[in-house]
Amino acid sequence: MPAPPPPPPPRATADATAAARAVRRRAGFARHPDDRVVVGVCAGLAARLGVDALLLRLATVVLALAGGVGVMLYLAAWLLADDEQSRPPRPVTTQQNVAVGLVVLGVLLLLRDLDLWFGDGVVLPVLLGAAGSVVIWSRGDADDRERWTRLGGRIPGNPVQVMLADRSARVRLLVGAGLVAIGVTAFLATSEAVVALRQVGAAVLATLAGAVLVLGPWVARLVSELGEERAERVRTEERAEVAAHLHDSVLQTLALIQRAGTEPRRMAQLARSQERELRAWLYGRREPADATTLRALLDDTVAEVEVSHELVVELVVVGDAPADGEVAALVAAVREALVNVARHAGVDRAAVYVEVEPGAVTAFVRDRGRGFDADAVPDDRRGVADSVRGRLARHGGRATLTTAPGAGTEWELVLPLPGTDPQEQR
Amino acid sequence: MSGTAHITVYLVDDHRLFRAGVRAELGQHVHIVGDAGDVDVAIGDVRRLKPDVVLLDVHMPGGGGLAVIEAVRQTHPDQVFLALSVSDAAEDVIAVIRGGARGYVTKTIAPADLVDAVRRVHEGDAVFGPRLAGFVLDAFASPAGEIAASSDPELDQLTSREKEVMRHIARGFTYRETGQRLSISVKTVETHVSSVLRKLQLSNRHELTAWAATRRII
Numbered sequence: 004m005p006a007p008p009p010p011p012p013p014r015a016t017a018d019a020t021a022a023a024r025a026v027r028r029r030a031g032f033a034r035h036p037d038d039r040v041v042v043g044v045c046a047g048l049a050a051r052l053g054v055d056a057l058l059l060r061l062a063t064v065v066l067a068l069a070g071g072v073g074v075m076l077y078l079a080a081w082l083l084a085d086d087e088q089s090r091p092p093r094p095v096t097t098q099q100n101v102a103v104g105l106v107v108l109g110v111l112l113l114l115r116d117l118d119l120w121f122g123d124g125v126v127l128p129v130l131l132g133a134a135g136s137v138v139i140w141s142r143g144d145a146d147d148r149e150r151w152t153r154l155g156g157r158i159p160g161n162p163v164q165v166m167l168a169d170r171s172a173r174v175r176l177l178v179g180a181g182l183v184a185i186g187v188t189a190f191l192a193t194s195e196a197v198v199a200l201r202q203v204g205a206a207v208l209a210t211l212a213g214a215v216l217v218l219g220p221w222v223a224r225l226v227s228e229l230g231e232e233r234a235e236r237v238r239t240e241e242r243a244e245v246a247a248h249l250h251d252s253v254l255q256t257l258a259l260i261q262r263a264g265t266e267p268r269r270m271a272q273l274a275r276s277q278e279r280e281l282r283a284w285l286y287g288r289r290e291p292a293d294a295t296t297l298r299a300l301l302d303d304t305v306a307e308v309e310v311s312h313e314l315v316v317e318l319v320v321v322g323d324a325p326a327d328g329e330v331a332a333l334v335a336a337v338r339e340a341l342v343n344v345a346r347h348a349g350v351d352r353a354a355v356y357v358e359v360e361p362g363a364v365t366a367f368v369r370d371r372g373r374g375f376d377a378d379a380v381p382d383d384r385r386g387v388a389d390s391v392r393g394r395l396a397r398h399g400g401r402a403t404l405t406t407a408p409g410a411g412t413e414w415e416l417v418l419p420l421p422g423t424d425p426q427e428q429r
Numbered sequence: 090m091s092g093t094a095h096i097t098v099y100l101v102d103d104h105r106l107f108r109a110g111v112r113a114e115l116g117q118h119v120h121i122v123g124d125a126g127d128v129d130v131a132i133g134d135v136r137r138l139k140p141d142v143v144l145l146d147v148h149m150p151g152g153g154g155l156a157v158i159e160a161v162r163q164t165h166p167d168q169v170f171l172a173l174s175v176s177d178a179a180e181d182v183i184a185v186i187r188g189g190a191r192g193y194v195t196k197t198i199a200p201a202d203l204v205d206a207v208r209r210v211h212e213g214d215a216v217f218g219p220r221l222a223g224f225v226l227d228a229f230a231s232p233a234g235e236i237a238a239s240s241d242p243e244l245d246q247l248t249s250r251e252k253e254v255m256r257h258i259a260r261g262f263t264y265r266e267t268g269q270r271l272s273i274s275v276k277t278v279e280t281h282v283s284s285v286l287r288k289l290q291l292s293n294r295h296e297l298t299a300w301a302a303t304r305r306i307i
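Residue numbers (my numbering), protein chains in the order written: chain A, 4 to 429; chain B, 90 to 307.
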């Protein structure tokens, strides 16, 4: 590690600033605020030297144990760093990494001779551990890095498999883990100062520390990438679902409306039924096919009549019941009454009110149309009325028709439902 | 519709086209003093203009109609609101009513009926369309015995007459038709509806509080 040139003594403020600027220009590297552990000095310097930032970081830690030299070097480099990156980063090469590593080793030996040293028992194991971690985690060149990222994202939960992906990675893992293991063992064996560490609990702790050195960086990277990938996948699936639904429903309806051309009533019907369907979907109620309750069955039936018979139906349902055979018969009767309104009443609106009470369900189907004289019913209408009554009678219910010329019609349909408690169906 | 031209109305809806439509339909019957497409503008305008009736969309960005009602009623507790919405969700409708709206009608309402509804809330009555009447019957359906530790049992259930009135409105009858069928005057129908509105706003029934809680108004 090159020693920084001493700053010139300040003669005047302006001179000093200029001199500092000159020194900084000579330093030729900048802090790297995006990739930092403390303030980004190591990452900036690493980019300038063409070595892995991890190497410099661990070197700083090891040198810090050598009488605090690492801390001083770090602070000096921080002071000297440029404000902006002026030169493009040098590509990281193994050669450069090894060279800087050897320089650090040389400096360490020198410092040991000079007695700037916290003791072999501390520095040497840390050095070995750091070296192991660097061997495993220095990512060499860009291709290598890219492959790591890719595999890391694809095979979650199996770091060993990723590490063993190719021969050089295997060798690196082996050498690195060996160095870490030697470092940990040496620490336990030689550290006279910390006798307690020889006990079992401390050994486990030391092993864990070793594992963190080996796996830590990988786990950290994996966690952040997994989170991003999962969020992206959820977004993609949601988009696909919305697109599929809009295509099946809204776009189809828009196409139908364009074809309906000059029939405003038909267009309004289509728009209304689509609105119903879209709202049911948006509020997350259910798929159209699985109508398992009275309410759902009525929704579907009314929507179908609105489209097929160009009728606007105001539907109000109070309470609910399971959609069994009895209920289906009632809904069929409601449908028949609505179709009758569309055919004969001469209006485009009808109101349906259905209430589930304990023991019975009652439905009202009403229009404000022309109505008719119940005693002078044309045959076609009597047929429909008889059919509605027949449906209900077969299931033990009754149907009552109230009408008069000019006063609209109202059906009251009552169906007994033994054992129905509307509270439990809500 | 005569006798409504002096009523000042403010319109809040985030759909510009819908505001234009309502303006065109109501403009000749009532005095529309302004409109807004978002909650904050609406709160400021309503406080400043003090219209007789605010026609309010339930669903809007920024808290919806409920946010407008809550903010305005803090400074002007007597401001009259009528909710006008396409919303189908019972909890949204109940929430604006409990927030202080004097009625709820759907946007499919005929213009003449809407003018009538504006007049009614202006005169202090409650306006219940079929859908709201259905929600009310649903909410008050469970027997009163199930309501634990109610502070005021009177508030927690509908009288049989109120229930009959609600049923008729839910079936699509107007107040007048309801009165005729039950052999009572329109005024009596209005009294019943106002009483139901009061219960809806003040009752602590489990269903109502649960609905309201999902909208965080309690």
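Using N, Cα and C, we set each Cβ at its ideal position, and we do this for glycine too.
*Step through the CB atoms of chain B and report whether any lies within less than 8 Å of the CB of A:Arg269.*
Chain B contact via Cβ: absent.
*asked:* With the cut-off set at 8 Å, would you say A:Val72 and A:Ser136 are in Cβ contact?
replied: no
_Can you tell me where the alpha helix (DSSP H) holding A:Ala274 begins and where it ends?_
Pro267 to Leu285
_On the DSSP letters alone, give me the boundaries of the alpha helix (DSSP H) that B:Ala215 sits inside._
Premise fails: B:Ala215 is in no alpha helix (DSSP H) and is neither H nor E.
*Report the neighbours of A:Val433 on chain B: residues whose CB is nearer than 8 Å to its CB, in chain order.*
Lying before the first or after the last residue shown, residue 433 of chain A is absent from chain A, which here runs from 4 to 429.
_Chain-order list of residues whose beta-carbon lies under 7 Å from that of A:His398 (same chain, five-residue window excluded)_ = When the five nearest sequence neighbours on each side are left out, the beta carbons in the same chain lying within less than 7 Å of the beta carbon of A:His398 are those of Glu329, Ala332 and Leu418, in order along the chain.
*For the segment 196-224 of chain B, which residues have a CB atom closer than 8 Å to at least one CB atom of chain A, in sequence order?*
Thr197, Pro219, Arg220, Ala222 and Gly223
*Does the beta carbon of B:Val182 come closer than 8 Å to any beta carbon on chain A?*
no
*Rank B:Thr280, B:Ala179 and B:Gln163 by C-alpha distance to the C-alpha of B:Val325 and give the top, closest one.*
Residue 325 of chain B falls outside the range modelled here, since chain B spans only 90 to 307, and no answer is possible.
*Just mark A:Thr63 as buried or exposed, buried being the case when its beta carbon has 16 or more other beta carbons within 10 Å.*
A:Thr63 comes out buried.
*Segments of 3+ residues assigned as beta strand (DSSP E) that fall wholly inside the segment 100-153 of chain B*: 120-125 and 142-145
*Which word fits B:Gly218, buried or exposed, when buried means at least 16 other C-beta atoms lie within 10 angstroms of its C-beta?*
Looking at its Cβ environment, which holds 16 or more other Cβ atoms inside 10 Å, B:Gly218 is buried.
*Work out the CA separation of B:Gln168 and B:Val142 for me, nearest whole Å.*
7 Å
*Beta-carbon contacts of A:Phe367 that lie in its chain and below 8 Å, excluding the five residues immediately before and after*: Ala354, Val355, Tyr356, Val357, Glu413, Trp414, Glu415 and Leu416
*Exposed or buried, A:Gly213, counting other C-beta atoms within 10 Å across all chains shown (16 or more means buried)?*
buried
*Give the residues from the segment 350-371 of chain A that approach chain B closer than 8 Å (Cβ to any Cβ), ordered along the chain.*
Ala354, Tyr356, Glu358, Phe367 and Arg369
*Tell me which same chain residues have a C-beta within less than 7 Å of the C-beta of B:Glu251, skipping the five on either side of it?*
His281, Ser284 and Val285
*Determine the DSSP secondary structure at B:Gly192, reduced to helix, strand or coil.*
strand
*Who are the neighbours of A:Glu317 on chain B, taking C-beta pairs under 9 Å?*
Thr195, Thr197, Gly218, Pro219, Arg220 and Gly261
*Please work out which residues of its chain come closer than 7 Å, Cβ to Cβ, to A:Pro159, disregarding the five sequence neighbours upstream and downstream, and give them in chain order.*
At A:Pro159 the pLDDT is 48, less than 50, meaning the model places this residue with poor confidence; the figure from the coordinates comes in the next sentence. Here the set comprises Leu225 and Leu229.
_Identity of the residue in B:Ile273, B:Arg187, B:Val207 and B:Asp205 nearest B:Val225 by Cα_ = B:Arg187
*Along the alpha helix (DSSP H) that carries A:Leu68, what are the first and last residues, could you check?*
Ala56 to Leu68 is the extent of the alpha helix (DSSP H) around A:Leu68.
*Tell me whether A:Pro325 sits in a helix, a strand or coil according to DSSP, three-state version.*
strand
_Spatially closest choice to B:Thr97 from B:Arg208, B:Ser272 and B:Thr263, by CA coordinates_ = B:Arg208
*Neighbour-count burial assignment, A:Leu301, 16 or more Cβ in a 10 Å radius*: buried
*If we count the other Cβ atoms within 10 Å of its Cβ and call it buried at 16 or more, is A:Gln255 buried or exposed?*
exposed
_Please identify the residue among A:Ala306, A:His312, A:Ala209 and A:Leu78 whose C-alpha is closest to the C-alpha of A:Glu441._
In this structure chain A extends from 4 to 429, so residue 441 of chain A is not present and cannot be described.
*A:Gln261 and A:Val310 closer than 8 Å at C-beta*: no
*How should A:Thr16 be labelled, buried or exposed, when 16 other C-beta atoms within 10 angstroms of its C-beta is the threshold for buried?*
Its pLDDT being 47, under 50, A:Thr16 is placed unreliably in this model, and the value from its coordinates should be taken loosely. Under this definition A:Thr16 is an exposed residue.
*Grab the span of the alpha helix (DSSP H) containing A:Asp303 for me, first residue to last.*
Leu297 to His312
*Proximity of B:Gly52 and B:Ile158 at Cβ, strictly below 8 Å*: Here chain B comprises residues numbered 90 to 307, so residue 52 of chain B is not present and cannot be evaluated.
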